[in-house]
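>
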Amino acid sequence: MALLKEINKKIGTQIQTGGFHRMGDLLLLCIIVVLTMEMVYNTGSVHGRLTNARFYEWMAYFIVFTCAVYINARLLVPRFLLRNKLSGYFASIGLCVFLLMLFIILVQNTLYDVPKSYRLTSLCFNIAGNMLLLGLTIASTSVVPLFRCWAENSRRVSELEKTTAEAELQQLKSQINPHFLFNTLNNANIKAEQEPQLAYAILSRLENLLGYQLSESSQEKVLIRNEISFLL
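Using this note's numbering, you'd call the opening residue of the sequence shown number 738 and step up by one each time.
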């Protein structure tokens, strides 16, 4: 348990550095580059297109897909997923995927001449497969912001536990002053032989003080008459 808390603390510290955010952004960009290159490669291998057309297609896919991924990471995840609004999140993802597919079809029809032999059923299966792939990919990029949120919450919990422990320790220290306790017991010891009644009164007063500190000081509210009785 202590090791887990220490790991959470270290991760939370790393979250605050700019290096972690840059690493997360770099990971997202790598995912986008690989996915868009795969999409362009498959399109080119099926239709046998020119290299320039493939490059323009990749640029268009990269720009639009980057926007979709960062809209998901920066807008949809904080607004819906982190607030447990799953229906709104999946509806937004579905809308993004639908718009992306429309854009892909538009780009392909603009850059390429789709063969007549390319049947409607094949086109529908291709679109359905691409939509599923796009949806899973966009949703998977939510891992990075979710991990950031988890690490940040872990850091805050660790800081809160540390602050609470320090406050409790400070309260314990302020309840009974060691010098006061030592002086009181020393005086009672001196008076025990010479003035037993006075020593008894001192010890009784100390007993009441310690009893009050143990029973009343830990409560959120204390009756005024108890405070007055303690002072008197």
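Every residue gets a Cβ at the ideal spot worked out from N, C-alpha and C, and that includes glycine. Just so you know, these numbers come straight off a predicted model, no measurement behind them.
1) Whole angstroms are fine: how far does the CA of Leu-765 sit from the CA of Val-783?
2) Quick check on this structure: which residue in Val-894, Ile-875 and Ala-929 has the alpha carbon closest to the alpha carbon of Ala-805?
3) Quick check on Pro-815: buried or exposed, where buried means 16 or more other Cβ atoms within 10 Å of its Cβ?
4) Inspect the beta-carbon positions of Ile-800 and Cys-833 and report whether they are closer than 9 Å.
5) Can you give me the Cβ contacts of Met-774 inside the same chain, cut-off strictly under 8 Å, excluding the 5 residues immediately before and after it?
6) With a 10 Å radius around its C-beta and 16 neighbouring C-beta atoms as the bar for buried, classify Val-771 as buried or exposed.
7) Assign Ser-877 to buried or exposed, taking buried as 16 or more other Cβ atoms, counted over all protein chains shown, within 10 Å of its Cβ.
8) At what residue ranges does the region 805–850 contain a whole run of the alpha helix (DSSP H), taking only runs of 4 or more?
9) Taking a contact to mean a Cβ-Cβ separation below 9 Å, would you say Leu-839 touches Phe-802 in this structure?
10) Quick check on this structure: which residue in Thr-847, Pro-882 and Leu-870 has the alpha carbon closest to the alpha carbon of Asp-971?
11) Does DSSP classify Leu-896 as helix, strand or coil?
12) Among the residues of its own chain, which have a CB less than 7 Å from the CB of Ile-769, if the five just before and after it don't count?
13) On the CB-based measure, 16 or more other CB atoms within 10 Å of its CB, does Phe-835 come out buried or exposed?
14) Kindly indicate which three-state DSSP category Ala-960 falls into: helix, strand or coil?
According to the data block:
1) With a pLDDT of 46 at Val-783, under the threshold of 50, the predicted position of this residue should be treated as unreliable, though the coordinate-derived value follows. Straight-line spacing of the CA atoms in Val-783 and Leu-765 works out to 27 Å.
2) Looking at the Cα atoms, Ile-875 is the closest of the given residues.
3) It is exposed - the Cβ of Pro-815 has fewer than 16 other Cβ atoms within 10 Å.
4) Cβ distance not < 9 Å, so Ile-800 and Cys-833 don't count as in contact.
5) The residues are Trp-795.
6) When all chains shown are included, Val-771 counts as exposed.
7) In the assembly as shown, Ser-877 is an exposed residue. Its beta-carbon has fewer than 16 other beta-carbons within 10 Å.
8) List check, alpha helix (DSSP H) in window: 823–848.
9) No; because the gap between Cβ atoms is not below 9 Å, this pair is not in contact.
10) Here the chain covers residues 738 to 969 and nothing more, so residue 971 does not appear.
11) Rather than Leu, the amino acid found at residue 896 in this sequence is Glu. Correct three-state label for Glu-896: helix.
12) Within the same chain, and ignoring the five residues on either side of Ile-769 in sequence, the residues whose Cβ sits closer than 7 Å to its Cβ are Phe-799, Phe-802, Thr-803 and Val-806.
13) Phe-835 should be labelled exposed.
14) At residue 960 the sequence reads Leu, which differs from the Ala that was named. Coil, per DSSP.
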